[in-house]
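Asker: As they're listed, the protein sequences go chains A and B. Add 617 to the 1-based position in the first sequence for the working numbering, that's all there is to it. Add 1132 to the 1-based position in the second sequence for the working numbering, that's all there is to it. Where is the CB? At the ideal position from N, CA and C, for every residue including glycine. Model, not experiment: these values are computed from the prediction.
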Amino acid sequence: MDSSSEYLSLEEPHRAVHLWRYTPWKRVHPTGDTSDIPEGVGSPRLSLKCIEGDVPEGVRIIHGTTPIEGLPESDATTSSFMRAITQESSWTVEVDPGFSPGKTVILEIEVDSPISAAHVCLKIGRHANFELVTLVKGDCEWLGLLRTGSTGEGSNTSDIVVNVLDGGTLLRVDAIHIERDSQVKAGTISSGSETTKSDLRYRMGEPGGNLNVLGSILSSEDMSLDHHIEIHHDAPETFSRLDWHSACGGNSKTVGTGMLRVAKGSRGADAAQLFQNLLISETAQADSIPELEVSENEVVGCGHGTASGPVDEDQLFYLGTRGLSTEQAKSMLIAAFLNSTLTEMGSHEMHDWLVGILSDDLDALGI
Amino acid sequence: MSGEKPILAISNLHVGIEGTEILKGIDITIPSGEIHAIMGRNGSGKTTAANVIMGHPSYDIEDGDVQLSGESILDLEPWERSRSGVFLSFQYPQAVPGLQVGNFLRKSVSSVRGDDAAKGAAFREDLKNAMSKLNIPSSFLSRYVNDGFSGGEKKRFEILQMMLLKPRLAVLDETDSGLDIDGIRTVAEGINEVVRGTENGALIITHYSRILEHVQPDRIHVMIGGKIVASGGPGLASLLEENGYDWLEERVAEGDVFE
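As structure tokens, this is what we get:
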């Protein structure tokens, strides 16, 4: 059965399902008619850049149909829909084994069609040491972004996705395999789109995988940003941390749902999830629901937590005693809150560049 | 007294929090160029006095006034007091993960002393000198404010801020606690640099006389139960160090308040 037929054969997902509890499929479907697979979907423009200088040899982007692997754990609705809609809009980012450019590579995805979709497959070679920032920008009503792939054995990768779309809806589905002894920092920075639904899944299927999932989410006005993160420990001696910071202003709503699955046999797994929400306005809402499914007894630890609250009054007072007005202090505290996860995502060069992007958004919001 | 008006004048200050009176009518006057100290046991109201001078919003001012160079500051927000020249070194400084020390210092100096003071070679030189005096390494600048700092690092960072902000009135709340002997000497040198030979002033809040040996305050006030029960010269600190507070509390219980 092809992916279109598969999608059309499925029932609309029920809201009782963890993934669809807060933002139903109908709301993030490009037309709202869930029995429809739209035609004439546009392809965004993809290009590789560097913060400074030329793109080094050893990394390339290849356009063409890429076999989509690694989606078995993804939600059937989104995986079949995304496969169907990205058939003509597929790229592979290929990184040579041992590639270590010493600088950050930017994958720019620019959209200008009302409805666009893209599949990007990451193929990170063995022992590569690589920072990739995927910058999603432009103006559209709907963008579907499917990211699949794997980080090669012994590689060290920062894989950061930045959403600065001018409104519209972003549906993002990630399915990334982390191979043996591979270290991954998977970052999400989101300050664009009116509506975002992300289903981000990471699987450590071999020993020694080390994953840090980091989020810096800034919502304002009437934005609705819903991120679901699943981390699968399917092998012994695997490590994961999730640290997700959302700053919510205006009438916006953010949702963070986590699912940590430790399979039987994953001895020595060490996993923790923490969602933190900073409520900037009285009408903003933030929900965080971390969940655990641990099927192995001999683990180092598995924990989760969540915290929500307004700007800390004691921190405000402290900055006030240093001459910073209440507005200045609030702005600094919000930036600091987002920066504390941003700074863990990669090198100084990348961090400075990312801070620049978020600073513009903070200024634009007038926080 | 080198100025016409005292740098700090606290008069008949009554302060409460959630209906409980903590400060029960205190009077302290610090002339320009002088360093005073408040000593007292835990819970006597010393930190409340420091927070009220700085404008902490949790406290209710029930009566009295706090003046900086003859002007009441009670209606000013904390940041306005800071820009007027008041500085508070905290007993427990707040950690702000994600806020880099270097950026924070530049922005606070800009807010208090103006944009020009936070720009260019002059600021960098100022910063370098202050950090050198306090034995703070340059790597400190890329850390986050008080995040993961040891007790001693926090106190040195408070003094670094004081040296850069150049306040007219520095209030130091238990800055000596958690510091070793060398740390106390270093911090005391910082306080002396900001006040001695200037028209500024300082109020040191402490349990112990150790820091006072290095700072040599002009006057010491003893606070018990939200009141100043004794004021005197530096000898008072030695007396308290030798005899503790019990004898003083007994005298106060008998109705003595002495100068």
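Between B/Val1384 and the rest of its own chain, which residues show a CB-CB distance below 7 Å, the 5 nearest in sequence each way excluded?
Answerer: Ile1356 and Val1361
Asker: Which residue's Cα is closest to the Cα of A/Glu966: A/His635, A/Ser976, A/Glu669 and A/Pro661?
Answerer: Residue A/Glu669 is the option with its Cα nearest to A/Glu966.
Asker: Could you name the residues of the same chain whose beta carbon sits closer than 8 Å to that of A/Gly983, not counting the 5 residues immediately before and after it, in chain order?
Answerer: Note that A/Gly983 scores a pLDDT of 42, beneath 50, so its modelled location is shaky and nothing firm can be said.
Asker: Tell me the rounded alpha-carbon separation between A/Arg939 and B/Leu1206.
Answerer: C-alpha of A/Arg939 to C-alpha of B/Leu1206: approximately 17 Å in a straight line.
Asker: To test your reading of the DSSP string, which unbroken alpha helix (DSSP H) runs of 4 or more residues are found completely within the stretch 1242-1293 of chain B?
Answerer: Contiguous alpha helix (DSSP H) elements confined to the stretch 1242-1293 of chain B occur at 1252-1265, taking only those with 4 or more residues.
Asker: Determine the chain A residues that contact B/Glu1209 at a beta-carbon separation under 9 Å, and present them in chain order.
Answerer: By Cβ distance, chain A contributes Gly937, Ser942 and Thr943.
Asker: Whose Cβ in chain A lies nearer than 7 Å to the Cβ of B/Arg1215?
Answerer: Gly940
Asker: Opposite B/Phe1222 in the DSSP bridges: which residues?
Answerer: BP columns for B/Phe1222 are empty, so no partner.
Asker: Mind reading off the beta-carbon distance from B/Leu1111 to B/Ile1170? Whole number of angstroms is fine, and I expect it under 8 Å.
Answerer: Nothing can be reported for residue 1111 of chain B, as the shown portion of chain B is limited to 1133 through 1391.
Asker: Using the beta-carbon of each residue, which ones in chain A are nearer than 9 Å to B/Met1186?
Answerer: Phe934, Gly937 and Thr938
Asker: Do we get a CB-CB distance below 8 Å when we pair A/Leu950 with the residues of chain B?
Answerer: yes
Asker: Please tell me whether A/Ala953 and B/Leu1237 are closer than 8 Å, where the distance is taken between their beta carbons.
Answerer: no
Asker: Going along chain B in order, which residues have a C-beta closer than 7 Å to the C-beta of A/Ala953?
Answerer: Neighbours of A/Ala953 on chain B, chain order: Val1228, Pro1229, Gly1230 and Leu1231.
Asker: In the structure shown, what three-state DSSP assignment does A/Phe934 receive?
Answerer: helix
Asker: When you compare each of A/Gly885, A/Thr751 and A/His921 to A/Glu913 by their alpha carbons, which one comes out closest?
Answerer: A/Gly885
Asker: Give a yes or no on whether 8 Å exceeds the smallest Cβ distance from B/Leu1304 to chain A.
Answerer: no
Asker: May I ask you to verify whether the stretch 779-786 of chain A touches the stretch 808-820 of chain A, counting CB pairs closer than 8 Å and requiring at least 3?
Answerer: yes
Asker: Would you call the stretch 941-953 of chain A and the stretch 732-740 of chain A in contact, with 3 or more CB pairs under 8 Å?
Answerer: no
Asker: Alpha carbon to alpha carbon, how far is A/Asp978 from A/Asp650?
Answerer: Cα-Cα distance, rounded: 33 Å.
Asker: Excluding the five sequence neighbours on either side, which residues of its own chain have a C-beta within less than 8 Å of the C-beta of A/Pro824, listed in chain order?
Answerer: Arg797, Asp798, Ala852, Pro853, Glu854 and Thr855
Asker: Given this structure, state the Cα-to-Cα distance separating B/Pro1138 from B/Arg1245, to the nearest angstrom.
Answerer: 22 Å
Asker: According to DSSP, is B/Ser1214 helix, strand or coil?
Answerer: helix
Asker: Using DSSP's beta-bridge definition, name the partner residues of B/Ile1323.
Answerer: Per DSSP, none; premise fails for B/Ile1323.
Asker: Tell me whether A/Ala924 is buried or exposed, calling it buried when 16 or more other Cβ atoms sit within 10 Å of its Cβ.
Answerer: exposed
Asker: Against chain B, which members of the stretch 751-782 of chain A pass a CB distance test of less than 9 Å?
Answerer: none
Asker: Does DSSP classify A/His631 as helix, strand or coil?
Answerer: Reduced to three states, the DSSP call for A/His631 is coil.
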